[in-house]
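Student: Numbering (our numbering), first residue to last: 35 to 143. Even glycine gets a Cβ: it sits at the ideal position worked out from N, Cα and C. Please read all numbers here as calculations on a predicted model, not as lab measurements. Supplied in structure tokens, the structure appears directly below.
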Ligand code: FES
């Protein structure tokens, strides 16, 4: 669910769409919106699990302060999805614990 009409922010432009992938699942997103917004709109609430207790975390502060929304975005762990704007074809993965960088094919070690 999205707020498409707001008394202060005005109307949301929903005409330009992109596709991101969350754990391989295609998610329709609006151009210019944060990753967390697109995931919430798709019904995804769990973005990462904690290191020790393996508890699920999702969006909390929504302003880039708490780190609860961290995911692996295009291979980069600990990306705050509430302040990261979507890009067509973006690969987003649920982060387990501290996360780790993913090797990309063809990259030098
Ligand atoms: S929800 Fe707090 S940093 Fe993103």
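1) Please report the residue range of the beta strand (DSSP E) in which residue 74 lies.
2) With a threshold of 7 Å, establish whether the CB of residue 128 neighbours any heavy atom of the ligand FES.
3) Do you know whose CA, among 105, 65 and 52, lies nearest residue 131's CA?
4) Nearest to residue 110 by alpha carbon, out of 117, 90, 59 and 125?
5) Residue 48 to residue 64, Cα distance in whole Å?
6) Leaving out five residues on either side along the sequence, give the residues of the same chain with a beta carbon under 6 Å from the beta carbon of residue 76.
7) Could you pull out every unbroken beta strand (DSSP E) segment of at least 3 residues lying fully inside the region 78-112, listed in chain order?
8) Report yes if the C-beta of residue 121 is less than 7 Å from at least one heavy atom of the ligand FES; otherwise report no.
9) Locate the beta strand (DSSP E) running through residue 127, then write down its first and last residues.
Tutor: Reading off the structure:
1) Boundaries around residue 74 are those of the alpha helix (DSSP H), 69-75, since no beta strand (DSSP E) includes it.
2) At a threshold of 7 Å, residue 128 does not count as near the ligand FES, since its beta carbon sits no closer than that to any of the ligand's heavy atoms.
3) 105
4) For the residues 117, 90, 59 and 125, the minimum Cα distance to residue 110 belongs to 125.
5) 6 Å
6) 61
7) 104-107
8) no
9) 125-127
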